[in-house]
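Protein chains in written order, with our numbering: chain A, 2 to 279; chain B, 34 to 461.
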């Protein structure tokens, strides 16, 4: 299908659908060959907006962000300012650190569609790049509140941004989220935040909560033992290693012979051996 | 006037009865529960009547609200048991137990034989897809499968509700009534959200996947990726399209926690974009495949995943038993091969993995099955060095797991088996 510049005469909704279809067509076949194919089309019909946008999208898929932007530059303004191509441009701009341009595009899109979650999410990312975490949090919160259920990556991004401002507040927010949905990525993030803050006991407490929910707690207990050991809590670390060994003993026979389980047992037993006196 | 009313009345009453326009189809099957979903043309409060005897469906689950999009989660089922069901709308019976039945997964840790069917890129809604389906139906009639997996791009071109009706619900009506369906998201599933609508993708609206570990595994908090158990197999479904593919992303964190706590001897992963392919896609140049290979394969192999199933490339490609190849295809070397033979039980013998359970870096077989709806045309190269077999032919996979033995058959649309391999775990 080849769509000529006359596309500009049709309504915005139909245009949106055509752009979505163009994205679809752009996804067929080997991406590299698809770019060559589209390049051939564009050599003979440089005004073919659909092919231009498809190639921009294909370039983005290949991390060729400058080429993406060059193709988007050549789109008729009526198409370039629609949501899909504008979002593609924002994402490409963020990749090549053209933050001011991304800012302008985000503002223009939000003026047209103030509650557009995809755009708000990009603005949050932009604020992170601009080292404005407080503003990023405000956008993340808007997107999270409107998403049901929120994407775990979004929650993780929000937690990491919050930690830049105030790790304690980030932990409190993570706990609220975990109250709604236990999410292992957030639990891990909380443990890492505690570790960074040298709050060993809190990290260990959180690992206890995690291990209580897991069908196999031994790896979680081993991590707890290592954190306690690194934090200088030798006797508590030893208790955690013993707990880990008890968990290993409870595993079904076919799992006890697994190499990674045998390795963990060896690690735990070694850690529990009395240290030679200096 | 009165006469005219009497004449019209039966017609009107008949017209008022809801009828099925989609399904029923089965979702989120666990040892004790399953979701039954269906669509009707008119809003009504639906009921699922079910039991172990088709002549005597003794239990019912009724919806509280009227709707056209019906979903009932049946709980309290017995593991490893065949159940029959029928769908009702008021006094109307919309389906009968004759062709509506399913088997709950066996109890966790038990080892009865398991068969499942795998389709990839099947969404063409044409005679190719029908031929692949019919070849499976013949096999299924002899030894029935217990569930089915779709590897994404289930409905071309845009994964819209209409596309799905044609390519999935009208294409596999019998299978969907009997085999719980699991799926991963492909690129074509993501092409139908209208700009500015903040809408949920049709794929996520029509399917129910576990977010809270409802069918086993660690809760993922999202339907984009999840895990489930079936007998002695742990399945991991990843999202290579929409979720972050970064090593510090939520999916990678979840995957690590999930595999670390798997209790099953067999571990199988599936996602849309293949880590290795030289079919209609070239995994040396496409970001999604490169990132899955670089960031996720070390986790999968590090926890001893046995089999990885993907689609996207409209061919069939099947690797040797390999490990540790995360770069571009020219860097694939002998060092990556754990067993370079066929794995065919009748010729060179099965692949053997010494450890009975999950063991890191003992070898994984990667299968691209993206040819359940179309093939790749004449120009596909099919020369990825990791592959033992590469075919530009239509087909689907029939996978059997029986205790410590896993068999994969590439079933052509003709009914022939063009590739077969076996993995044995534990001491010979």
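The beta-carbon is built from N, C-alpha and C at its ideal position, and this holds for glycine as well. Only a predicted model underlies this, so the values are computations on that prediction, with no experimental measurement involved.
Under 8 Å between the Cβ atoms of residue i and residue j?
i: residue 66/B; j: residue 110/B; result: yes
i: residue 323/B; j: residue 288/B; result: no
i: residue 182/B; j: residue 216/B; result: yes
i: residue 56/B; j: residue 202/B; result: yes
i: residue 228/A; j: residue 196/A; result: yes
i: residue 69/B; j: residue 118/B; result: yes
i: residue 439/B; j: residue 299/B; result: yes
i: residue 121/A; j: residue 140/A; result: yes
i: residue 100/B; j: residue 62/B; result: no
i: residue 136/B; j: residue 433/B; result: no
i: residue 107/A; j: residue 66/A; result: no
i: residue 71/B; j: residue 53/B; result: yes
i: residue 60/B; j: residue 134/B; result: no
i: residue 241/B; j: residue 449/B; result: no
i: residue 344/B; j: residue 153/B; result: yes
i: residue 209/B; j: residue 58/B; result: yes
i: residue 85/B; j: residue 114/B; result: yes
i: residue 188/A; j: residue 161/A; result: no
i: residue 267/B; j: residue 254/B; result: no
Which term fits residue i, buried or exposed, when burial requires 16 or more other beta carbons within 10 angstroms of its beta carbon?
i: residue 139/B; result: buried
i: residue 277/A; result: exposed
i: residue 350/B; result: buried
i: residue 431/B; result: buried
i: residue 248/A; result: buried
i: residue 428/B; result: buried
i: residue 62/A; result: buried
i: residue 274/A; result: exposed
i: residue 366/B; result: exposed
i: residue 361/B; result: exposed
i: residue 219/B; result: buried
i: residue 397/B; result: buried
i: residue 34/B; result: Interpretation of residue 34/B is limited by its pLDDT of 44, a score under 50 that renders its predicted location unreliable; the figure taken from the coordinates is listed afterwards. The residue is exposed, with fewer than 16 neighbouring Cβ atoms inside 10 Å.
i: residue 293/B; result: buried
i: residue 179/B; result: buried
i: residue 254/A; result: exposed
i: residue 40/B; result: Reliability of the predicted coordinates at residue 40/B is poor, the pLDDT of 47 falling under 50, and no value is obtained from them.
i: residue 132/A; result: exposed
i: residue 3/A; result: With a pLDDT of 29 at residue 3/A, under the threshold of 50, the predicted position of this residue should be treated as unreliable, though the coordinate-derived value follows. Classification for residue 3/A: exposed.
i: residue 444/B; result: buried
Residues of chain A with CB closer than 9 Å to the CB of residue i, please, in chain order.
i: residue 360/B; result: Within 9 Å Cβ-Cβ: nothing; residue 360/B doesn't reach chain A, min ~16 Å.
i: residue 165/B; result: What residue 165/B touches in chain A: nothing, since even the nearest Cβ is about 20 Å away.
Which chain A residues sit within Cβ distance under 8 Å of residue i?
i: residue 388/B; result: 258, 259 and 260
i: residue 142/B; result: 253
i: residue 392/B; result: 259, 260 and 261
Going along chain A in order, which residues have a C-beta closer than 7 Å to the C-beta of residue i?
i: residue 273/B; result: Chain A residues near residue 273/B: none, gap ~12 Å exceeds 7 Å.
i: residue 425/B; result: Going along chain A, no residue has its Cβ under 7 Å from residue 425/B, so there is no contact; the nearest lies around 14 Å.
i: residue 176/B; result: Within 7 Å Cβ-Cβ: nothing; residue 176/B doesn't reach chain A, min ~26 Å.
i: residue 434/B; result: Chain A residues near residue 434/B: none, gap ~14 Å exceeds 7 Å.
i: residue 450/B; result: The premise fails here: residue 450/B is roughly 28 Å from chain A at the closest Cβ pair, so nothing lies under 7 Å.
i: residue 105/B; result: The premise fails here: residue 105/B is roughly 21 Å from chain A at the closest Cβ pair, so nothing lies under 7 Å.
Please list the partners that residue i has in chain B, where partner means a Cβ-to-Cβ separation under 7 Å.
i: residue 186/A; result: 283, 286 and 287
i: residue 154/A; result: 276, 277, 282 and 283
i: residue 98/A; result: Ordered by position in chain B, no residue passes the 7 Å Cβ test against residue 98/A, which lies about 19 Å from the chain.
Taking C-beta pairs closer than 9 Å, name the residues in chain B that residue i reaches, listed in chain order.
i: residue 150/A; result: 244, 254, 255 and 256
i: residue 79/A; result: Within chain B, no residue comes near residue 79/A; the closest Cβ sits about 14 Å away, beyond 9 Å.
i: residue 265/A; result: The premise fails here: residue 265/A is roughly 10 Å from chain B at the closest Cβ pair, so nothing lies under 9 Å.
i: residue 157/A; result: 277, 281, 282, 283 and 286
Which chain B residues sit within Cβ distance under 8 Å of residue i?
i: residue 189/A; result: 286 and 290
Quick check: the stretch 280-293 of chain B against the stretch 146-160 of chain A, are at least 3 beta-carbon pairs closer than 8 Å? These segments touch.
So, do the stretch 263-276 of chain B and the stretch 178-188 of chain A have three or more beta carbon pairs nearer to each other than 8 Å? When C-beta atoms of the stretch 263-276 of chain B are compared with those of the stretch 178-188 of chain A, fewer than three pairs fall below 8 Å, so the two segments do not count as touching.
Report the residues of the stretch 51-69 of chain B with a CB closer than 7 Å to any CB of chain A, ordered along the chain. Answer set for the stretch 51-69 of chain B: empty.
Anything in the stretch 200-221 of chain A with a Cβ closer than 7 Å to a Cβ of chain B? List those residues in chain order, please. Against chain B - using a Cβ distance shorter than 7 Å - the residues of the stretch 200-221 of chain A are 215, 216, 217 and 220.
Residues within the stretch 51-75 of chain A neighbouring chain B, beta-carbon criterion of under 7 Å: Of all residues in the stretch 51-75 of chain A, 62, 63 and 64 have a Cβ within less than 7 Å of some Cβ in chain B.
Pull out every residue of the stretch 160-182 of chain A whose Cβ sits closer than 8 Å to any Cβ of chain B, in chain order. Within the stretch 160-182 of chain A, those residues whose Cβ lies closer than 8 Å to any Cβ of chain B are, in chain order, 182.
If contact is defined by three or more beta carbon pairs under 8 Å, each pair taking one atom from either stretch, is the stretch 385-392 of chain B in contact with the stretch 411-421 of chain B? Fewer than three Cβ pairs drawn from the stretch 411-421 of chain B and the stretch 385-392 of chain B lie within less than 8 Å of each other, which leaves the two stretches out of contact.
Interface positions of the stretch 294-313 of chain B facing chain A (Cβ-Cβ less than 8 Å), listed along the chain: The stretch 294-313 of chain B vs chain A, Cβ under 8 Å: 294, 295, 296, 298 and 313.
Pairs of beta-carbons, one from the stretch 158-174 of chain B and one from the stretch 200-214 of chain B, closer than 8 Å: are there three or more? Short answer: they touch.
Could you tell me whether the stretch 255-275 of chain A touches the stretch 219-237 of chain A, using the rule of 3 or more Cβ pairs below 8 Å? Yes, the stretch 255-275 of chain A touches the stretch 219-237 of chain A.
Evaluate the contact criterion for the stretch 92-105 of chain A versus the stretch 60-74 of chain A: three or more CB pairs, one atom per stretch, below 8 Å. Contact between the stretch 92-105 of chain A and the stretch 60-74 of chain A is present: three or more C-beta pairs spanning the two stretches fall below 8 Å.
Kindly confirm or deny that the stretch 437-454 of chain B and the stretch 370-377 of chain B touch, where touching means at least three C-beta pairs closer than 8 Å. Because the criterion of three Cβ pairs below 8 Å is met, the stretch 437-454 of chain B and the stretch 370-377 of chain B touch.
May I ask you to list, following chain order, the residues of the stretch 190-218 of chain B that have a beta carbon less than 8 Å from some beta carbon of chain A? Correct list: 190 and 191.
Mind listing which residues of the stretch 321-345 of chain B have their C-beta closer than 8 Å to chain A's C-betas, in chain order? Those would be 321, 336 and 337, in chain order.
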